[in-house]
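Asks:
In our numbering, the protein residues as written are 29 to 177.
(1) What alpha helix (DSSP H) runs, 4 residues minimum, are completely inside the region 127–161?
(2) Which ranges would you report for the beta strand (DSSP E) in the region 90–121 if only whole runs of at least 3 residues count?
(3) Once you ignore the five residues that flank residue 105 on each side, which residues in its own chain have a CB closer than 7 Å to its CB?
(4) Note down the Cα distance separating residue 99 from residue 137, rounded to an integer number of angstroms.
(5) Within this structure, are the beta carbons of residue 176 and residue 89 separated by less than 7 Å?
(6) Closest by CA to residue 92, which one among 112, 101, 107, 120?
(7) Decide if residue 139 is buried, meaning its Cβ has at least 16 other Cβ atoms within 10 Å, or exposed.
(8) Using only the alpha-carbon positions, how far apart do residue 165 and residue 97 sit?
(9) Under 7 Å, do residue 127 and residue 135 count as touching if we go by C-beta distance?
(10) Would you report the Cα separation of residue 155 and residue 168, rounded to the nearest angstrom?
(11) Per DSSP, what kind of secondary structure is residue 166 in: helix, strand or coil?
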């Protein structure tokens with residue numbers, strides 16, 4: 029093994045070390061949940077869960093918070109209306125934001141709902157996307173919530 033092999037070995041070791049660090053960094057903060065990902069901390073420093081639209085099952089601890097974000101367009105008259113059992117859940121925040129900051133008319137947006145679990149048990153949150161003057165909603169989405177101690 030000559031001195032010309034040494035730089036190659038060092039380069040290979042450096043690449044291997046970087047690859048291992050990248051794999052390790054990808055594992056930090058990973059939370060294996062079947063239905064949601066922790067995205068932020070609430071005002072009290074507790075994790076708040078963002079619920080994936082593809083999985084409509086929410087598991088939180090008592091006094092834990094979760095956020096559901098739904099696409100919408102207020103300019104069409106449609107609104108998301110939540111229906112839930114207020115013995116188990118409390119609506120903490122509801123906010124609509126347009127996708128455009130330039131003031132364009134007719135642009136859609138997203139409506140964010142933050143709930144907190146206030147009683148151990150199971151509940152459902154049903155959202156209906158409807159116009160107030162129409163009888164039938166255009167769309168309905170249901171999220172099942174389990175609140176544990």
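Backbone N, C-alpha and C fix where the C-beta goes; we use that ideal spot for every residue, glycine too.
In this text the structure is predicted, and so the values were computed from the model without any measurement.
Replies: In brief:
(1) none
(2) 93–100, 107–112
(3) 159
(4) 6 Å
(5) yes
(6) 120
(7) buried
(8) 18 Å
(9) yes
(10) 6 Å
(11) coil
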